[in-house]
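See structure below.
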Amino acid sequence: EAEAGWPIDTEEFWLEEDGVWIETPRYDVEPRRCLVTGGRGRTGILTVYPADENGEKRWALDGGVLNDVTHLPCRSARYIVSKEKGSPINARKIDFLSS
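Residue 4 is where the sequence shown starts when you use the numbering used here, and the numbers rise one by one after that.
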């Protein structure tokens with residue numbers, strides 16, 4: 004358990020851009036289409052689809068790329084442990100940097 008009281012799951016976790024563990028985001032976005040922007044003049048349409056038979060949701064972004072519609076100073080990543088590459092040791096720092 005983290006000092007702040009949230010649970011730490013060593014099989015699936017999130018890291019900030021500076022390598023600090025963060026609380027796993029808890030949200031449930033209903034299926035919808037949204038106008039999204041990173042505040043730099045580009046916008047896109049984010050479509051969140053209903054959950055599939057396994058409960059997984061997928062999304063699509065039309066009219067831009069993530070870099071266009073993301074608040075760039077803050078980057079985080081989800082890690083799911085696997086035998087191949089599921090470790091923060093294998094993270095590429097460049098993936099967390101602004102382009």
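Yeah, the Cβ is synthetic: ideal placement off N, Cα and C, and Gly gets one too.
Roughly how many angstroms separate the alpha carbons of residue i and residue j, rounded to a whole number?
i, j, result
"residue 31", "residue 66", "24 Å"
Less than 7 Å between C-beta atoms, sequence neighbours within five positions excluded: which residues of the same chain meet that for residue i?
i, result
"residue 62", "49, 50, 51 and 52"
"residue 34", "51, 52 and 53"
Would residue i pass as a contact of residue j if the rule is Cβ separation under 8 Å?
i, j, result
"residue 84", "residue 19", "no"
"residue 17", "residue 81", "yes"
"residue 71", "residue 41", "yes"
Buried or exposed: which applies to residue i, given that a residue is buried once 16 or more other Cβ atoms fall within 10 Å of its Cβ?
i, result
"residue 68", "exposed"
"residue 47", "buried"
Quick one: what's got a C-beta closer than 8 Å to residue i's C-beta in the same chain, skipping five residues either side?
i, result
"residue 12", "27"
"residue 5", "11, 24 and 26"
Among residues of its own chain, excluding the 5 on either side of residue i, which ones have a beta-carbon nearer than 6 Å to its beta-carbon?
i, result
"residue 37", "49"
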